[in-house]
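Add 115 to a position in the sequence shown, counting from 1, and you land on the number used in the working numbering.
Here a beta-carbon is modelled for each residue, glycine too, at the ideal position from N, C-alpha and C.
Structure first, then comments.
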Amino acid sequence: MTLRSDPQKLLRQVIARFVAEEVAPVARELDQAGRFPRELFQKLAAMNAYRIRYPRGKGGAGGNTTLYCIMCEELAKGMLSLAAIAAKQCLMATNFLFRFGSPELKEKYFEPAMRGEMIGSFCLTEPEAGGDLGAVTTTATRDGDHWIISGMKTWITNAPVADFFTVLCQTDPEKGIRGLNFFFVPRDTPGVRVSPRFELLGTRTTEIAEVAFNDCRIPADHLLGKPGKGLGALLSILAEIRAMTAALALGLAKAAYETAFQYAQERQAFGRPIGKYQLIQAKIASLATEIYAAELMLYDTTAKIDAGQRAGRESMMVKYFATELACRAADEATRILGAYGYSMEYPAQRYFRDARFLLYGGGTHEVLLQNIARELRL
Ligand SMILES: Cc1cc2nc3c(=O)[nH]c(=O)nc-3n(C[C@H](O)[C@H](O)[C@H](O)COP(=O)(O)OP(=O)(O)OC[C@H]3O[C@@H](n4cnc5c(N)ncnc54)[C@H](O)[C@@H]3O)c2cc1C
């Protein structure tokens, strides 16, 4: 298994040290304050974190999906919301700009984004279009040398702090999903309006809001990709988005497991550590088993992606499996910690709240299971 090659081990160690020294000491305070972790975001940029999956010589660090997922997993052990913010900056927020942006656009936005000086957002969801992207109604209309963008996006991660948006728009409603295209919209474009941030159950340092585009006029070269190929461009990174979400889930599951394991060794009840009771042992042993399974599934999927093989089915399976595991591990941790699992002083409650974040992006589980069944030709 490629999981144990040297660059992978080294990356794991570097990120684990960063989490132990820089993230763990402030995670609780940042979560309670519910503010964007700008300092940590910039420290990650200084480590070239956002360049990880882009090629060398083109502003990247020459890594691959496996290394990207290792980084996401290790960050998620310390603080899921920071990991999610970093993961988005590496992939969805900058990918189409990198692939399709003009040299001028890349110099003005991609490089600063890699340096952590600018933040990007990815805008698919609308008030009436979630998993069903065929229902997107935000329009882009050609007007001479410009496009006019009009519509409303919602649940946009990082929107309150974003400097630019990658926006999925409909250019030809008669063509349905073949009329979908991505557009690059700078924050300072007249007509862009970001709502106040949403109050969230978990991942409270991620800032999420609605973004309205009111007749926003952008130059013609801000169309990212060939006309009519927006959905294809999205599909080309979908397996990686799902693998990344699974990596975040695996990191959170490991953090919850380790908290529960340690507590089971320390806490005494009826004269013995609670970890000596079979019911607690069964919970911990089954979590350890599923974590092992999720890890194998994840890095088998990323190896396929890195080898240029199809990994659609595998990425859906691991996104589903690892996220359900993260939710269960966080739930079990709050139970094994007894009353302390309910206390804001211990991290178990944060894992419990944060795990829910993973349920939506990359496909809700109802839709994923339906798609897996279709892949199985049921
Ligand atoms: C924390 C967070 C961050 C987010 N960040 C972003 C972001 O940065 N950018 C962005 O564009 N979006 C973002 N989203 C939105 C996210 O992508 C959507 O929530 C997701 O696509 C699901 O859409 P929806 O919530 O509208 O649910 P819907 O698609 O309306 O689904 C509602 C329910 O119906 C079920 N359902 C739907 N279709 C079927 C079916 N065919 N069969 C069975 N059940 C079905 C779903 O599983 C779900 O349970 C974020 C959401 C959250 C919670």
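Beta-carbon proximity list for residue i, same chain, < 6 Å, skipping 5 on both sides
{"i": "L118", "result": "For L118, the pLDDT reaches just 49, beneath the cut-off of 50, and the residue's location in the model is therefore unreliable, leaving the point undetermined."}
{"i": "Q204", "result": "Y165"}
{"i": "A400", "result": "none"}
{"i": "G390", "result": "A379, Q380"}
{"i": "N329", "result": "G306"}
{"i": "W262", "result": "A255, I333"}
8 Å Cβ shell around residue i - same chain, five flanking residues per side excluded
{"i": "F225", "result": "G174, T209, L212, F213, G216"}
Which residues DSSP lists as bridging residue i, in chain order
{"i": "W262", "result": "R257, I333"}
{"i": "E241", "result": "A244"}
{"i": "L338", "result": "F298"}
{"i": "S236", "result": "F280"}
{"i": "I323", "result": "T272"}
{"i": "Q383", "result": "P388"}
Nearest candidate by alpha-carbon position, reference residue i, set the options
{"i": "P342", "options": "T286, T320, Y392", "result": "T286"}
{"i": "Q157", "options": "Q147, E144, V138, R143", "result": "V138"}
{"i": "I200", "options": "L159, L182, R171, T180", "result": "L159"}
{"i": "T360", "options": "V309, Q147, E429, R302", "result": "E429"}
{"i": "K369", "options": "A397, E405, G386", "result": "E405"}
{"i": "K398", "options": "A445, G478, A422", "result": "A445"}
{"i": "P152", "options": "Y183, R132, I234", "result": "I234"}
{"i": "L402", "options": "G477, L367, T417, P301", "result": "L367"}
{"i": "A228", "options": "R465, C184, K268, F280", "result": "F280"}
Residue i beta carbon near ligand 1 (any heavy atom closer than 6 Å)
{"i": "Y475", "result": "yes"}
{"i": "I234", "result": "no"}
{"i": "W262", "result": "no"}
{"i": "V300", "result": "no"}
{"i": "E481", "result": "yes"}
{"i": "F313", "result": "no"}
{"i": "G390", "result": "no"}
{"i": "T240", "result": "yes"}
{"i": "F237", "result": "yes"}
{"i": "G246", "result": "yes"}
Residue i (DSSP reduced to helix, strand or coil)
{"i": "L118", "result": "Any reading at L118 must be qualified, since the residue scores a pLDDT of 49, below 50, and its modelled position is unreliable; the value itself is stated next. Correct three-state label for L118: helix."}
{"i": "I451", "result": "helix"}
{"i": "V282", "result": "strand"}
{"i": "M267", "result": "strand"}
{"i": "V309", "result": "strand"}
{"i": "A375", "result": "helix"}
{"i": "E140", "result": "Looking at the sequence shown, residue 140 is not Glu but Pro. In the structure shown, P140 sits in a helix (DSSP, three-state: H, G or I)."}
{"i": "F328", "result": "strand"}
{"i": "G347", "result": "helix"}
{"i": "F467", "result": "helix"}
{"i": "N486", "result": "helix"}
{"i": "F151", "result": "coil"}
{"i": "I200", "result": "helix"}
Beta-carbon proximity list for residue i, same chain, < 7 Å, skipping 5 on both sides
{"i": "I495", "result": "One cannot answer for residue 495 here, as it falls past the ends of the chain, which runs 116 to 493."}
{"i": "V134", "result": "E189, L190, K192, G193"}
{"i": "I395", "result": "A379, I389, I451"}
Any non-hydrogen atom of ligand 2 within 6 Å of residue i CB
{"i": "T272", "result": "Ligand 2 is not part of this structure, which contains only ligand 1."}
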